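I have placed the structure first, in the form of structure tokens, so that the comments after it can refer back to it.
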Amino acid sequence: CLCFIPGQLDTTCHAFVGETVVLPCTTTPPGELALSKSMLYWQIGTKQLVHFFQNGQDSLEGQDKKFHDRTSLFLDQMKHGNFSLKISNVQLGDDAEYSCIYRQTESHQTKKSTIKLNVSGK
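For the sequence shown, the UniProt record's numbering begins at 1 and goes up steadily by one.
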């Protein structure tokens with residue numbers, strides 16, 4: 001996976017069909033994040049849920065079926081601000097613009113970044 005950062009807003013990643021790709025999303029917290037009081041959404045547009053994490057654990061009931069069993073977070077690194085998403089067995093249909101949205105439930109602080117994934121056939 002090659003990831004380029006054009007400016008500071010967005011990142012573009014490239015992957016081939018069948019590969020595993022990591023969509024980067026990080027923040028630099030002042031200390032450890034309280035994941036039990038956090039929500040993390042990975043989504044395409046406003047309706048397609050790719051991965052959802054809340055109250056310290058994955059919550060995948062509303063996940064789009066095409067991502068079932070293909071997404072994972074780096075759970076051991078999340079408290080340090082690594083919200084990156086791993087997508088395995090990349091498909092042509094995964095070519096899209098993804099939003100990484102992190103929200104703290106108490107302070108309502110929100111961080112959002114947009115990552116474009118370009119998928120190529122082999």
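Just so you know, even glycine gets a beta-carbon here, dropped at the ideal spot from N, CA and C. It should be emphasised that the depicted structure is a prediction, and the values quoted were computed from it without experimental measurement.
Query: Going by DSSP, which residues form a beta bridge with residue 85?; Result: 23, 73
Query: Between which residues of its own chain and residue 86 is the CB-CB distance below 6 Å, once the five residues before and five after are set aside?; Result: 22, 72
Query: Put residue 64 into one of helix, strand or coil per three-state DSSP.; Result: coil
Query: May I ask which residues mark the beginning and end of the beta strand (DSSP E) holding residue 91?; Result: Taken as a continuous stretch (DSSP letters only), residue 91 belongs to no beta strand (DSSP E), as it is neither H nor E.
Query: Span of the beta strand (DSSP E) holding residue 47?; Result: Looking at the DSSP string, residue 47 is not in any beta strand (DSSP E), and its letter there is neither H nor E.
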